[in-house]
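J.:
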Amino acid sequence: MTTMITVREALRDAMAEEMRKDPNVFVMGEEVAEYQGAYKVTQGLLQEFGASRVVDTPITEMGFAGLGVGAGFMGLRPIVEFMTFNFSMQAIDQIINSAAKTLYMSGGQMGCPIVFRGPNGAASRVGAQHSQCYASWYAHCPGLKVMAPYDAEDAKGLLKAAIRDPNPVVFLENELMYGRSFPAPEGDDFVLPIGKAKIMREGSDVTVVSFSKPLDYALQAADIMQEQHGKSVEVINLRTLRPLDTETIVESLKKTNRLVTVEEGWPYAGIGSEIVAQIMEHAFDYLDAPVMRVTGEDVPMPYAANLEKLALPSTEKVVNAIQKVCYV
Amino acid sequence: MTQFASKISKVDALKFYEDMLLIRRFEERSAQLYGMGLIGGFCHLYIGQEAVVVGIQSVLKPEDAVITAYRDHGHMLACGMNPKGVMAELTGRIGGFSKGKGGSMHMFSREKNFYGGHGIVGAQVPLGAGLAFALKYKESDGISVTYMGDGAAHQGQVYESFNMASLWKLPALFIIENNQYAMGTSVARSSSVPDLYVRGQGFGIPSKQVDGMDILKVRDAAAEAVAHIRSGKGPYLLEIKTYRYRGHSMSDPGNYRTKDEVESFKNTRDPIQNFLDVMKKEFNVSDAEVEAIENRVKDVMKEVVDFSKESPEPDVSELYTDILIGE
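Chains as they are written, first to last, in my numbering: chain A, 765 to 1092; chain B, 65 to 391.
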């Protein structure tokens, strides 16, 4: 059974269901309780679970991220919301040095079952300091799992998996997707596997790999390529960025022999760069064309509407990249 | 003697003395092993500060959680962690508390409620507040004890933690071990105010300064602080004035202070020597009893050093273990 729900509702339901199941799960962050969430993702949680489990924090990212990690060491399962991931840079030492590395540094004794979640990447017209994709930043680090949902099914199934996972998870949402409705499975047992990509659309001529909101451009470009050029495009939704589902990408490439990656982050040392490296190591002989990356432009995000549009990936940019790798 | 100290028995006194002496001898042997090349990297010795951790730990219960920074060997011994496992970690061996993968600054013991051992100055303070948050959330009677140095007391996240701990009345004891030098920078050159304990007052946290060269004064202050915290009134801050005899780490020549200053602390303020005098006077401790303790510590340290040399290096397969649970 499926039903139409927004990504926002899917995230909220995932948290509420896991909180009902496990009393050690709690949510903390700025405006998560009484304000009902800066983007209303935690709507209703305070009413159901009370102030001890839905905790409004002061504006103190490094402090509450570290506090969450400490609580995680002691066996609680914190969900730490960043109002946006841009503010997680204030807390990145706690995420990496404290949450990600301690299991290793303790010889396996001190795990930290924590989820850091919130909107990542560009929203709309909020300028350079509020428009950045952190996918490659966090995916770089051993000891973390990194996920990025696209639709409501992803949001619910991946967030539940993240909350149940005994390891620290960085969960990158997208503000512009919160209000979008998608079909999603009903029931509180729907969990997706971590580290498995989803083939959103099967195709035979070229593979496009993406995650989060830029998957929109990949799917639209696939329609255009089919209609205008008769090219059959396979579209892969990564879902998890670390560990990366290299196998699914390689299997697709063996079929299509052409690959385009699409992401909102900067090109330098990005997720696309990593995928290219993986393909070099695991599937070089299957390539019929160089892999193309579609990324955010290599600039701080401009405010002006026309420049902002230019700085972001788009359906047109994806179509152009697909044409290049298909030599059409 | 004050009301709390007067409650200690001769048995307690002998134990405090032995605990402090073990830390000192452990650190002296660490320095030797470092000099022999058996310990690598950073190694921060606790010599001179022994009365702080032994005094604080003497009023704690097993359910209390402890966390500190990287000058941590003494804290682990005072928490009851086996010194063999601590020294074997310093030598990077499989018998170490982190299987040799953490080193001097990164050791943990779930069994003893010791949560590290953290290498980033000040980062242990939000973590310690989180331990207190979890204890309160679980409705435990335990408290968390977070140690930091005078250098850490200038990190912003310390004050983020003070604010939340006080706001939420977390059962947290914060301890600034003021050994007067953050690496080579004295408190006078790094702090806008001479006393660090006042930094708690701005957050509504009861805060006191204590003489950290006197274990009984430390214990008294700790007992008062812990009673306050256990009664549900929220956090407490102690600034404990102490002194490290050795450099910041093994590579520090210590040119920022005079030999006279160091010698004066060693000769007149030494926490172990001074407590020995108190024990002899208050409890009629005999030379034979003292000698018995010294011999016991000596024997323990011989075993510890032997173990730290004999325990093998971690198997190469350990390189890729303990990165994620369940993989």
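Yeah, the Cβ is synthetic: ideal placement off N, Cα and C, and Gly gets one too.
Please confirm if Gly1060 of chain A has its CB atom under 8 Å from at least one CB of chain B.
T.: Along the first sequence, read from residue 1 onward, the residue named residue 1060 of chain A stands at position 296. Closer than 8 Å: no.
J.: Within 8 Å, do at least three Cβ pairs link the region 937-947 of chain A to the region 811-818 of chain A?
T.: Result no; under three Cβ-Cβ pairs closer than 8 Å.
J.: Which residues in chain B sit within 7 Å of Ala926 of chain A, going by Cβ to Cβ distance?
T.: For the purposes of this step, residue 926 of chain A is taken as residue 162 along the first sequence, with counting starting at 1. Near Ala926 of chain A there are no residues of chain B at all, since even the closest Cβ is about 13 Å away, more than 7 Å.
J.: Can you tell me which of B:Leu109, B:Leu97, B:Tyr300 and B:Gly105 puts its alpha carbon nearest to the alpha carbon of Gly311 of chain B?
T.: Translated into positions along the second sequence, residue 311 of chain B becomes position 247. Measuring from the Cα of Gly311 of chain B, the nearest candidate turns out to be B:Leu109.
J.: Measure the C-alpha to C-alpha separation of Thr66 of chain B and Asp284 of chain B and round it to an integer number of angstroms.
T.: On the second sequence, residue 66 of chain B is found 2 positions in, with the first residue counted as 1. On the second sequence, residue 284 of chain B is found 220 positions in, with the first residue counted as 1. Residue placement at Thr66 of chain B is flagged as unreliable, the pLDDT there being 46, under the threshold of 50; a coordinate-derived value is accordingly withheld.
J.: Please list the partners that Phe161 of chain B has in chain A, where partner means a Cβ-to-Cβ separation under 9 Å.
T.: For the purposes of this step, residue 161 of chain B is taken as residue 97 along the second sequence, with counting starting at 1. Result: Ser870, Gly871 and Gln873.
J.: Pair every Cβ in the region 823-838 of chain A with every Cβ in the region 191-201 of chain B, then say whether three or more of these pairs are closer than 8 Å.
T.: Yes, the region 823-838 of chain A is in contact with the region 191-201 of chain B.
J.: Quick one: which chain B residues come within Cβ less than 9 Å of Pro906 of chain A?
T.: Along the first sequence, read from residue 1 onward, the residue named residue 906 of chain A stands at position 142. What Pro906 of chain A touches in chain B: Ile387 and Leu388.
J.: Go through its chain and collect everything with a Cβ distance to Gly268 of chain B's Cβ below 7 Å, but skip five positions before and after it.
T.: Here residue 268 of chain B refers to the residue found at position 204 when the second sequence is read from its first residue. Once the five neighbours on either side are set aside, the close Cβ partners of Gly268 of chain B are Ser230.
J.: Between the C-alpha atoms of Pro397 of chain B and Gly166 of chain B, what's the straight-line distance to the nearest angstrom?
T.: Only positions 65 to 391 of chain B appear in the structure, and residue 397 of chain B is not among them; the question remains open.
J.: Tell me Ile240 of chain B's beta-bridge partners as DSSP assigns them.
T.: For the purposes of this step, residue 240 of chain B is taken as residue 176 along the second sequence, with counting starting at 1. The partner list for Ile240 of chain B (beta bridge, DSSP) reads B:Met212 and B:Glu303.
J.: Based on DSSP bridge pairs, tell me the residues matched to Lys909 of chain A.
T.: Against the first sequence, residue 909 of chain A aligns to sequence position 145. Bridge partners of Lys909 of chain A: A:Val933.
J.: Could you tell me if Gly1036 of chain A is buried or exposed, where buried requires 16 or more neighbouring beta carbons within 10 angstroms of its beta carbon?
T.: Reading the first sequence from its first residue, position 272 is the one you call residue 1036 of chain A. Buried: at least 16 other Cβ atoms inside 10 Å.
J.: Taking C-beta pairs closer than 8 Å, name the residues in chain B that Ala903 of chain A reaches, listed in chain order.
T.: Position 139 of the first sequence, counted from the start, is the residue given in the question as residue 903 of chain A. Under the 8 Å cutoff, chain B gives no residues; its nearest Cβ is about 14 Å from Ala903 of chain A.
J.: Just to confirm my understanding: we take Ala69 of chain B, look at its own chain, exclude 5 residues before and 5 after, and list those with CB closer than 6 Å. What are they?
T.: For this step, residue 69 of chain B is matched to residue 5 along the second sequence. Unreliable positioning characterises Ala69 of chain B in this predicted model, as indicated by a pLDDT of 49, which lies under 50. The coordinate reading is nonetheless provided below. Closer than 6 Å at Cβ, skipping near neighbours: Leu280 and Asp284.
J.: So, is the C-beta of Phe106 of chain B closer than 8 Å to a C-beta in chain A?
T.: Residue numbering aside, residue 106 of chain B sits at position 42 when the second sequence is read from its first letter. Cβ-Cβ to chain A under 8 Å: no for Phe106 of chain B.
J.: Could you tell me if Ala919 of chain A is buried or exposed, where buried requires 16 or more neighbouring beta carbons within 10 angstroms of its beta carbon?
T.: Here residue 919 of chain A refers to the residue found at position 155 of the first sequence. With 16 or more other Cβ atoms within 10 Å, it is buried.
J.: Are the C-beta atoms of Lys74 of chain B and some chain A residue less than 8 Å apart?
T.: For the purposes of this step, residue 74 of chain B is identified with residue 10 of the second sequence, where counting begins at 1. No, Lys74 of chain B does not count as interfacial toward chain A.
J.: Quick one, which of A:His894, A:Asp929, A:Val934 and A:Ala778 has its alpha-carbon nearest His904 of chain A's?
T.: Reading the first sequence from its first residue, position 140 is the one you call residue 904 of chain A. Cα-wise, what sits closest to His904 of chain A is A:Val934.
J.: If we define contact as Cβ-Cβ less than 8 Å, is Leu831 of chain A a contact residue for chain B?
T.: Taking the first sequence and counting its residues from 1, one reaches residue 831 of chain A at position 67. Output row for Leu831 of chain A: interface = yes.
J.: For Thr821 of chain A versus Glu798 of chain A, is the C-beta spacing smaller than 8 Å?
T.: On the first sequence, residue 821 of chain A is found 57 positions in, with the first residue counted as 1. On the first sequence, residue 798 of chain A is found 34 positions in, with the first residue counted as 1. No.
J.: Given that a residue counts as buried once 16 or more other Cβ atoms are within 10 Å of its Cβ, and exposed if not, what is Glu114 of chain B?
T.: Residue mapping note: residue 114 of chain B aligns to position 50 of the second sequence, counting from 1. It is buried - the Cβ of Glu114 of chain B has at least 16 other Cβ atoms within 10 Å.
J.: Identify every residue that forms a DSSP beta bridge with Lys962 of chain A.
T.: Position 198 of the first sequence, counting from 1, holds the residue named residue 962 of chain A. For Lys962 of chain A, which the question treats as bridged, DSSP gives the partners A:Asn1001.
J.: Applying the 10 Å Cβ sphere with the 16-neighbour rule, what's the burial state of Lys125 of chain B?
T.: Within the second sequence, residue 125 of chain B is the residue found at index 61, counting from 1. It counts as exposed.
J.: Could you tell me the boundaries of the alpha helix (DSSP H) in which Asp284 of chain B lies?
T.: The sequence position of residue 284 of chain B within the second sequence is 220, counting from 1. That run of the alpha helix (DSSP H) goes Ile279 to His292.
J.: DSSP on Asp259 of chain B, reduced to helix/strand/coil?
T.: For this step, residue 259 of chain B is matched to residue 195 along the second sequence. Three-state DSSP puts Asp259 of chain B in coil, outside helix and strand.
J.: Consider the Cβ of Ala193 of chain B: report whether some Cβ of chain A lies at a distance smaller than 8 Å.
T.: By 1-based counting over the second sequence, the position of residue 193 of chain B is 129. Judged by the 8 Å Cβ criterion, Ala193 of chain B is in contact with chain A.
J.: Can you tell me whether Val763 of chain A is helix, strand or coil according to DSSP?
T.: Residue 763 of chain A lies beyond the range of chain A shown here (765 to 1092); nothing can be said about it.
J.: Mind pulling the beta strand (DSSP E) runs of 3 or more residues that sit fully within the region 1020-1076 of chain A?
T.: Runs found: 1023-1026 and 1056-1058.
J.: To the nearest angstrom, report how far apart Ala855 of chain A and Gly827 of chain A are at their CA atoms.
T.: Taking the first residue of the first sequence as 1, we reach residue 855 of chain A at position 91. Taking the first residue of the first sequence as 1, we reach residue 827 of chain A at position 63. Approximately 8 Å, taken between the alpha carbons.
J.: What are the residues in the region 843-858 of chain A lying within 7 Å of chain B by C-beta distance?
T.: Flagged, chain order: Asp857 and Gln858.
J.: Kindly indicate which three-state DSSP category Met343 of chain B falls into: helix, strand or coil?
T.: The residue labelled residue 343 of chain B in the question sits at position 279 within the second sequence. Looking at Met343 of chain B - three-state DSSP - the assignment turns out to be helix.
J.: Which residues in the same chain as Leu979 of chain A place their Cβ atom closer than 6 Å to its Cβ, once the five residues preceding and following it in sequence are excluded?
T.: Residue numbering aside, residue 979 of chain A sits at position 215 when the first sequence is read from its first letter. Same-chain partners within the cutoff: Tyr914 and Asn1001.
J.: So if I threshold CB-CB distances at 9 Å, which residues from the region 808-840 of chain A count as touching chain B?
T.: The residues in question are Ser816, Arg817, Val819, Thr821, Pro822, Thr824, Glu825, Met826, Gly827, Phe828, Ala829, Gly830, Leu831, Gly832, Val833, Gly834, Ala835, Gly836, Phe837, Met838, Gly839 and Leu840.
J.: Please classify Met100 of chain B as buried or exposed, where buried requires at least 16 other C-beta atoms within 10 Å of its C-beta.
T.: On the second sequence, position 36 is the one that residue 100 of chain B refers to. Met100 of chain B is exposed by the Cβ-count criterion.
J.: So that I know if they touch, is there some Cβ in chain A lying closer than 8 Å to that of Phe371 of chain B?
T.: Start at 1 with the first residue of the second sequence, and residue 371 of chain B comes out as number 307. No, no contact with chain A.
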